[in-house]
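Under our numbering, the sequence shown has 32 at position 28, and the numbering climbs by one with no breaks.
We put the beta carbon where it would ideally sit given N, CA and C, even for glycine.
Notes for the one structure printed next.
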Amino acid sequence: MQVAAASLTSIYWAALSAARLVATLVTPYVNHYRYIQLHLLGAFLSMAAFAQSSWTPQRGLSGEVVLFTFLYGFSLGPLFPGALLVAEEKLHPEPLNGRAAGFTVACAALGEMLLPLLTGLCFDVE
5 MQVAAASLTS IYWAALSAAR LVATLVTPYV NHYRYIQLHL LGAFLSMAAF AQSSWTPQRG
65 LSGEVVLFTF LYGFSLGPLF PGALLVAEEK LHPEPLNGRA AGFTVACAAL GEMLLPLLTG
125 LCFDVE
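Dropping the structure here:
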């Protein structure tokens, strides 16, 4: 079970890192609002699909669990940098200041606190 958890964690972080690398190549050419919306939708759909999978820790890792974990990490990867891009666009022609960056970081921290809680509640099986 610990090996499965460690593997899923590694897959998640690898996908998140890969998504940020891809985002550096893609974001100059796309609408940032749509890009963020697409990634939020991808995160929601991959987590919903993961919740519907019939995985249990005792069965070990299946291909669908690995796929949904990868898609979830890949979907979440560009959200924080994308949020900073959107904040900068909203403030244009003013440069991104400390207040806007601080607000974006605070919103990201709120998501970091709430998403694991909500994920745990989704998988709390008695």
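Bounding residues of the alpha helix (DSSP H) (the contiguous stretch that carries residue i)
i, result
"P120", "G102 to F127"
"E92", "L83 to K94"
"E68", "G67 to L80"
Sequence-distant residues of its chain with Cβ nearer than 6 Å to residue i (five each side left out)
i, result
"Y16", "T73 and G77"
"Q46", "Checking the sequence, you will find Gly at residue 46 rather than Gln. Closer than 6 Å at the Cβ level, and outside the excluded window around G46, lie S79."
"M51", "Y76"
"A23", "F78, G81 and P82"
Beta carbon of residue i nearer than 8 Å to that of residue j
i, j, result
"P82", "Y39", "yes"
"V90", "Y37", "yes"
"A55", "F84", "no"
"L88", "A110", "no"
Sequence-distant residues of its chain with Cβ nearer than 8 Å to residue i (five each side left out)
i, result
"S57", "S66, E68, V69 and F72"
Quiz item: What runs of the alpha helix (DSSP H), each 4 residues or longer, lie entirely inside the region 7–68?
Solution: 36–56
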